[in-house]
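Residue numbers (our numbering): 2 to 156.
Spelled out as structure tokens, the structure:
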């Protein structure tokens with residue numbers, strides 16, 4: 002039996018995607034500018050992620066604390082800071098995605114590929130909840146601050 006640590010399949014898939022996305026994005030930046038390239042690629046990645054979530058299935062407007070995709074197989078460490086019927090929050094204090102993209106000198110592209118899908122996915126899966134995140138480990142913050150508040154019936 003090998004002493005090598007078991008590889009995380011989610012992280013490994015992201016690394017494979019990064020090997021394709023990074024050079025394509027760099028070429029687009031040179032051709033059409035960084036801002037436009039990131040907007041196009043970011044939107045495409047977010048749309049694809051939403052389609053993937055549709056295929057996997059999810060319960061519309063489920064409580065964020067019940068999301069199984071942030072279970073043990075997801076390569077993050079989090080601390081729950083609020084958990085009520087109408088509010089939920091956790092801080093991501095460890096993130097293998099951030100570690101990887103920082104290690105290859107591409108945290109901005111890492112944020113585009115991983116963190117960037119969160120807002121589109123949350124709007125699609127939990128339209129009855131207001132989602133916010135003001136900072137990420139990927140971009141140098143001490144933690145990612147994920148917060149949800151259930152919307153009032155009038156919103």
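Glycine residues also receive a C-beta, built at the ideal position from the N, C-alpha and C atoms. For clarity, every value in this text was computed on a predicted model and none was experimentally measured.
With a cut-off of 8 angstroms on the beta carbons, I'd call residue i and residue j a contact; round off their distance for me.
i: residue 98; j: residue 139; result: 7 angstroms
i: residue 119; j: residue 134; result: 6 angstroms
i: residue 132; j: residue 91; result: Not confirmed; about 12 angstroms, so no contact.
Straight-line CA distance for residue i to residue j?
i: residue 80; j: residue 66; result: 11 angstroms
i: residue 125; j: residue 113; result: 18 angstroms
i: residue 150; j: residue 143; result: 23 angstroms
i: residue 41; j: residue 87; result: 34 angstroms
i: residue 109; j: residue 28; result: 15 angstroms
i: residue 62; j: residue 33; result: 38 angstroms
I'd like to know whether the C-beta atoms of residue i and residue j end up nearer to each other than 8 angstroms.
i: residue 26; j: residue 38; result: yes
i: residue 107; j: residue 23; result: yes
i: residue 95; j: residue 83; result: no
Does residue i come out as helix, strand or coil in the three-state DSSP assignment?
i: residue 141; result: coil
i: residue 152; result: coil
i: residue 103; result: helix
i: residue 20; result: helix
Query raised in the report: Unbroken alpha helix (DSSP H) runs of length 4 or more, entirely within the segment 29-88: which are they?
Result: 35-57
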